[in-house]
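> Residue numbers (the UniProt record's numbering): 1 to 269. Shown below is the structure under consideration.
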């Protein structure tokens, strides 16, 4: 007796669509095509808003578009050739993917994949087409993720599996801000024990740098921000001293004296 494999079909769902630069997002019904070779379709459970989404919404010319690049979700279906993901698995999206074979992916100094690097044209890496549409009109992607939609399609190299017990409503921040800051402190600056670290700007990335610096044993973590309300929150993330430039006319090194004793003792973000 022969059995047939159920093929993914077009899904109709709701998405927050940007129709033009600076225009309010509109919740629309969109069609989401099945995943193509090496792609997966994800049911988005939780997504967060990044400043990069806002900047692109304000300035970029590719519309209509679905923004969002930080998301957690569940694999709904997989395209041909996908072996590392299965339906029902929990995943995080990654807006700069990994093909795992190019020179940059094999390097221990970079994660800017030559194949699945930052996609700026609003289409999929594989065929330069979009998987979204409204009544036959293409709706473009953002950063190869487009998580402001109930369902989205990403290249399999633009997602990572996570534990099924990890809280999807919280871990979406790992897709961008947290990993960017923690990775900058841990991998790029390679902060050593006893270091002094200065962080300019205490948003998601800056606070994640503070966490990374604390984990690496930095003895002095100086947070610099013009918003005084961030002081106590920053200390909860590991900042030992807070500086508001608006409260001082002197240079930072005069307000909080420190000496640079080697190229690795002071990391500035």
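Glycine is no exception: its CB is placed at the ideal position from the N, C-alpha and C atoms.
1. Alpha carbon to alpha carbon, what distance is there between residue 248 and residue 104?
2. For a test of the three-state rule: what should DSSP assign to residue 12, helix, strand or coil?
3. Output the boundary residues of the beta strand (DSSP E) element that contains residue 198.
4. Counting Cβ pairs closer than 8 Å, one from the stretch 67-80 and one from the stretch 148-156, do we hit at least three?
5. Which residues share a DSSP beta bridge with residue 151?
6. Taking the C-alpha atoms as reference points, what is the distance between residue 111 and residue 184?
7. Could you please give the first and the last residue of the uninterrupted beta strand (DSSP E) stretch that includes residue 83?
8. In angstroms with no decimal places, state the Cα-to-Cα distance between residue 172 and residue 42.
9. Here's the rule: buried if 16 or more other CB atoms are within 10 angstroms of the residue's CB, otherwise exposed. What is residue 6?
10. Per the contact definition of three or more C-beta pairs closer than 8 Å, is the stretch 45-63 in contact with the stretch 11-28?
11. Here's the rule I'm using: 16 or more other beta-carbon atoms within 10 Å means buried, otherwise exposed. How should residue 38 be labelled?
12. In the structure shown, what three-state DSSP assignment does residue 223 receive?
13. What residue from 139, 115, 205 and 229 has the CA that sits closest to residue 33's CA?
14. Closest by CA to residue 163, which one among 78, 89 and 223?
15. Please state if the CB of residue 146 and the CB of residue 97 are separated by a distance shorter than 8 Å.
16. When you compare only the Cα positions, how much space is there between residue 108 and residue 157?
17. Between the Cα of residue 46 and the Cα atoms of 202, 62 and 170, which residue gives the shortest distance?
18. Just the Cα atoms here: how many angstroms apart are residue 102 and residue 118?
19. With DSSP run on the structure shown, which of helix, strand or coil describes residue 65?
20. Quick check: residue 175 and residue 93, are their CB atoms within less than 8 Å of each other?
Judging by the given coordinates:
1. 43 Å
2. strand
3. 196-200
4. yes
5. 43
6. 12 Å
7. Element bounds for residue 83: n/a, residue is neither H nor E.
8. 13 Å
9. exposed
10. yes
11. buried
12. strand
13. 139
14. 89
15. no
16. 18 Å
17. 170
18. 15 Å
19. strand
20. yes
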